[in-house]
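Inspection log for the structure reproduced underneath, given as structure tokens.
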Amino acid sequence: MRDASNEFEAIKAVHDALEPLDSDARNRVVTYIASLLGIGQPMVGGPVAKEDADIDGEAEEDADDAVAQAETYSEFADLYEAVDPKSNGEKALVAGYWLQNCQDAENFTGFAANKVLSDLGHKLTNITDAINIMRNRKPSLILQLKKSGSSRQARKLYKITHEGIKRVEEMVGE
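The opening residue of the sequence shown carries number 93 in the working numbering; numbering runs sequentially from there.
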């Protein structure tokens, strides 16, 4: 399980370190650190309005509520019903979220994601295409970590990005 308070403290530390820098310097620092840690391309955007970045109050409570809500699902069926994904890409995203966040896996395969979907009667004809839809979004919701084998059907390892996690948590109860 994720520890929301540790994540919040890390976010606050990063915010405090970056706040005095100008926008270009912030982008350089975040890009370098993301590259150094191997966490993929960071989301690059404009500054966040002060009221939207209420680090000490409401934002922390909202994040804690979303994490607590998402982690209360003991069955994939409950999460799937709460999210009610419409597209194949959303179905793949929810399945990956379940495996990674609710089952505490570091990553997942398309086979494993399609297996949990299949168990509910929602098996996808081509899970790779569905995952690629989410990979190609900007910002990317799923990252491909590794490909073993040279064929098109090679095993691939995926990971839900921070933006992907946020998207699933936003979809709960929409």
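Beta carbons: idealized from backbone N, C-alpha and C, even for Gly.
Element boundaries [beta strand (DSSP E), containing residue i]
i, result
"tyrosine 189", "Counting along the chain, tyrosine 189 falls outside any beta strand (DSSP E), though it belongs to the alpha helix (DSSP H) covering 180-189."
"tyrosine 250", "247-252"
Straight-line Cα distance separating residue j from residue i
i, j, result
"glutamate 262", "alanine 246", "32 Å"
"asparagine 199", "glutamate 101", "24 Å"
"glutamate 266", "alanine 96", "22 Å"
"arginine 120", "aspartate 211", "45 Å"
"asparagine 193", "leucine 113", "33 Å"
"isoleucine 225", "threonine 217", "14 Å"
"glutamine 195", "leucine 171", "12 Å"
"glutamate 111", "isoleucine 103", "12 Å"
"alanine 197", "isoleucine 125", "24 Å"
"histidine 254", "serine 232", "9 Å"
Cβ-based burial, residue i [other Cβ within 10 Å; buried from 16]
i, result
"phenylalanine 168", "buried"
"glutamate 182", "buried"
"arginine 259", "buried"
"isoleucine 234", "buried"
"glycine 213", "exposed"
"alanine 109", "exposed"
"lysine 178", "exposed"
"alanine 105", "exposed"
"alanine 204", "buried"
"asparagine 98", "exposed"
"alanine 117", "exposed"
"lysine 238", "exposed"
"lysine 215", "exposed"
"threonine 123", "exposed"
"valine 159", "Residue placement at valine 159 is flagged as unreliable, the pLDDT there being 47, under the threshold of 50; a coordinate-derived value is accordingly withheld."
Paired residues, beta bridge with residue i - DSSP
i, result
"glutamine 236", "Tyr250"
N- and C-terminal bounds of the alpha helix (DSSP H) containing residue i
i, result
"asparagine 206", "202-211"
"threonine 220", "219-227"
"aspartate 108", "96-110"
"aspartate 170", "168-175"
Anticipated Cβ contact below 8 Å, residue i with residue j, distance rounded
i, j, result
"leucine 209", "alanine 174", "Actually they are not in contact, since the Cβ atoms of leucine 209 and alanine 174 sit about 15 Å apart, beyond 8 Å."
"glycine 202", "isoleucine 219", "4 Å"
"arginine 227", "glutamine 236", "6 Å"
"tyrosine 189", "isoleucine 223", "That pair is no contact at about 12 Å."
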